[in-house]
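Report on the structure given below.
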Amino acid sequence: MSERLWKVYLSGEIHSDWREQIAQGVAQAGLPVRLDAPITVHEDSDDCAAVILGEEDKPFWRDQKGSRMNAIRTRTLIGEADVVVVRFGDKYKQWNAAFDAGTAAALGKALITLHDPALTHALKEVDGAALAVCETPQQVVQTLAYVIRGALPGRSGSLAAE
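Using numbering that gives the first Met the number 0, you'd call the opening residue of the sequence shown number 0 and step up by one each time.
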């Protein structure tokens, strides 16, 4: 009997390697997980509609066309996800991450937030909608291992201590 493939969407901050850390941890744990994400090359995400559909005279319309084109991917992958992980960084305003977390919550998706403890107060409403609030990518991997396989790190019959 084969394991069910879990679809996990990794949303939010694009300026650190948190997605790669989760991918590496999932692979090392041998979890049956497919990871999806938004376009993480900032310039491509900003320029997509202008390059494909044509440039706009006003920045507002350029941004609107780009955000709508990116929303095709985001809405589709969040809609298909079993779990949505939203990472909030401390360096930039993460309005898109908050919007993705709200979308996931509205769709009844299992939501995991990931952020430094210093952001706990600012994200209290978002964390209130989350089923787990993690501070490190390793905690996200351990959470996935637990919900998928019932494996606790360092316990007999569980994953080896991470």
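Just so it is clear, CB atoms sit at the ideal spot from N, CA and C, and this is done for glycine as well.
From residue i to residue j, what does the alpha carbon distance come to, in whole angstroms?
{"i": "R72", "j": "S66", "result": "10 angstroms"}
{"i": "A131", "j": "R86", "result": "12 angstroms"}
{"i": "I111", "j": "W94", "result": "17 angstroms"}
{"i": "M68", "j": "A48", "result": "7 angstroms"}
{"i": "A160", "j": "V140", "result": "With a pLDDT of 43 at A160, under the threshold of 50, the predicted position of this residue should be treated as unreliable, and no value is reported."}
{"i": "R3", "j": "V25", "result": "15 angstroms"}
{"i": "R148", "j": "A129", "result": "20 angstroms"}
{"i": "D16", "j": "L30", "result": "20 angstroms"}
Can you check which of these residues, the options, is closest to residue i by C-alpha distance?
{"i": "V7", "options": "A28, Q23, V32 and H14", "result": "V32"}
{"i": "H114", "options": "T102, Y91 and A104", "result": "Y91"}
{"i": "K118", "options": "C133, L76 and Q138", "result": "It should be noted that the sequence gives Leu, not Lys, for residue 118. Checked all of C133, L76 and Q138; the closest Cα to L118 is C133."}
{"i": "T105", "options": "V83, Q141, D56 and A150", "result": "The sequence given here places Ala at residue 105; Thr does not occur at that position. Here the closest residue by C-alpha is V83."}
{"i": "A96", "options": "A70, W5, G29 and A150", "result": "A70"}
{"i": "A80", "options": "P152, L151, S10 and R154", "result": "S10"}
{"i": "G101", "options": "G127, H120, G88 and Y145", "result": "G127"}
{"i": "V125", "options": "Q138, A144, D16 and D99", "result": "D99"}
{"i": "I13", "options": "P37, Q27, W5 and K108", "result": "P37"}
{"i": "Q23", "options": "R154, L143 and R61", "result": "L143"}
{"i": "G107", "options": "G78, D43, L122 and P58", "result": "G78"}
{"i": "H120", "options": "E54, A109, D89 and A150", "result": "D89"}
Is the beta carbon of residue i sitting closer than 8 angstroms to the one on residue j?
{"i": "P152", "j": "Q20", "result": "no"}
{"i": "L76", "j": "D45", "result": "no"}
Report task. Could I get the ranges of all uninterrupted beta strand (DSSP E) runs contained in the region 33–90, with 3 residues as the minimum, in chain order? Result -> 82–87
Requested in this report: Could you pull out every unbroken beta strand (DSSP E) segment of at least 3 residues lying fully inside the region 103–154, listed in chain order?
Outcome: 109–114 and 131–133
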